[in-house]
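Q: Each residue of the sequence shown is one higher than the last, beginning at 141 in the numbering used here.
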Amino acid sequence: MKTVSFTQMKDGTKEDYDLLANAEQPYHALTADRILAELQRQGEDTMTGYKITRMEHGLQSATRALKDGADIDWIVGALLHDIGDGLAPQNHDRFSAEVIRPFVREEVAWVVEHHGIFQMIYYAHHYNWDADARDRFKDHPHFKACSDFCERWDQSSFDPDYPTEPLETFTPMVRQVFARKAYDPAVVREGYAGGLPPAPVQ
Numbered sequence: 141m142k143t144v145s146f147t148q149m150k151d152g153t154k155e156d157y158d159l160l161a162n163a164e165q166p167y168h169a170l171t172a173d174r175i176l177a178e179l180q181r182q183g184e185d186t187m188t189g190y191k192i193t194r195m196e197h198g199l200q201s202a203t204r205a206l207k208d209g210a211d212i213d214w215i216v217g218a219l220l221h222d223i224g225d226g227l228a229p230q231n232h233d234r235f236s237a238e239v240i241r242p243f244v245r246e247e248v249a250w251v252v253e254h255h256g257i258f259q260m261i262y263y264a265h266h267y268n269w270d271a272d273a274r275d276r277f278k279d280h281p282h283f284k285a286c287s288d289f290c291e292r293w294d295q296s297s298f299d300p301d302y303p304t305e306p307l308e309t310f311t312p313m314v315r316q317v318f319a320r321k322a323y324d325p326a327v328v329r330e331g332y333a334g335g336l337p338p339a340p341v342q
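This is the structure we're talking about:
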């Protein structure tokens with residue numbers, strides 16, 4: 141296999157960097173496969189103390205989004221909102237957001253990035269933490285979307301008896317999203333704040 145001529149990046153030539161750009165294309169094309177493999181790996185890990193696995197939590201969150209009529213960005217965001225748990229448990233929300241950020245609306249990435257602090261409203265008081273820490277974002281245009289995301293799709297998705305769709309339901313959506321051109325302005329739609337779809341009438 142052909143390799144670059146340099147041992148320090150500053151010494152690379154245009155030919156070297158063209159070689160790298162061409163070599164990286166197949167790797168980029170397999171991003172969805174790596175994401176799906178990580179989800180499957182999380183299916184082997186029970187979340188310590190919870191009734192379901194990490195993958196089941198993501199699948200259940202995505203199933204709720206799907207049943208609520210959410211679009212593909214929200215569904216994939218719900219599916220992958222905790223994908224960073226394995227490598228970055230202390231800041232999994234930000235890690236997960238960076239995984240999806242190049243390929244989804246800015247609104248969805250922001251919600252995934254901040255869902256950790258928004259979730260604290262449900263449990264922080266048990267640790268004598270600030271349950272209202274999310275209020276620092278109360279004037280942000282995505283505040284309601286993040287609050288709704290946590291209430292409807294995240295905090296409620298730890299139920300082993302919920303009729304959850306299998307990974308195969310979401311695999312085509314993951315492939316479609318990660319096949320997009322990274323940071324395409326037409327996808328990212330910076331500044332757009334559509335929020336979640338209306339909650340179905342019970």
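Backbone N, C-alpha and C fix where the C-beta goes; we use that ideal spot for every residue, glycine too.
Are the CB atoms of R320 and F243 nearer to each other than 8 Å?
A: Counting from 1 along the sequence shown, the entry for residue 320 is found at position 180. Counting from 1 along the sequence shown, the entry for residue 243 is found at position 103. Closer than 8 Å, so yes.
Q: Does the Cβ of S201 have 16 or more other Cβ atoms within 10 Å, making it buried, or fewer, making it exposed?
A: Locating residue 201 in the sequence shown gives position 61, counting from the first residue. So S201 counts as buried.
Q: Start and end of the alpha helix (DSSP H) containing F258?
A: Taking the first residue of the sequence shown as position 1, residue 258 is located at position 118. 246-259 is the extent of the alpha helix (DSSP H) around F258.
Q: At a cut of 8 Å, does the segment 292-302 reach the segment 180-192 through at least three beta carbon pairs?
A: A contact exists between the segment 292-302 and the segment 180-192.
Q: Can at least three beta-carbon pairs, one atom from the segment 204-216 and one from the segment 264-276, be found at a separation below 8 Å?
A: Flag = no, the segment 204-216 and the segment 264-276 do not touch.
Q: According to DSSP, is P338 part of a helix, a strand, or is it coil?
A: The sequence position of residue 338 within the sequence shown is 198, counting from 1. Annotated three-state conformation of P338 is coil, per DSSP.
Q: With a CB to CB cut of under 7 Å and the five nearest residues on each side skipped, what residues in its chain are close to Y323?
A: Indexing the sequence shown from 1 puts residue 323 at position 183. Closer than 7 Å at the Cβ level, and outside the excluded window around Y323, lie P242.
Q: Taking the CB atoms as reference points, tell me whether L336 and F289 lie closer together than 8 Å.
A: Locating residue 336 in the sequence shown gives position 196, counting from the first residue. Locating residue 289 in the sequence shown gives position 149, counting from the first residue. Taking 8 Å as the Cβ cut-off, L336 and F289 qualify as a contacting pair.
Q: Along the chain, where does the alpha helix (DSSP H) that runs through S236 open and close?
A: Your numbering for residue 236 matches position 96 in the sequence shown. Note, S236: alpha helix (DSSP H), 232-240.
Q: Between R181 and F318, what straight-line distance do the alpha-carbon atoms span, to the nearest angstrom?
A: In the sequence shown, the residue the question calls residue 181 occupies position 41. In the sequence shown, the residue the question calls residue 318 occupies position 178. If you take the alpha carbons of R181 and F318, they lie about 19 Å apart.
Q: Could you check which residue in K154, F283, N162 has the C-alpha nearest to that of Y332?
A: As a first step, residue 332 is located in the sequence shown; it is residue number 192 there, counting from the start. Ranked by how close their Cα comes to the Cα of Y332, the residues K154, F283, N162 have F283 in first place.
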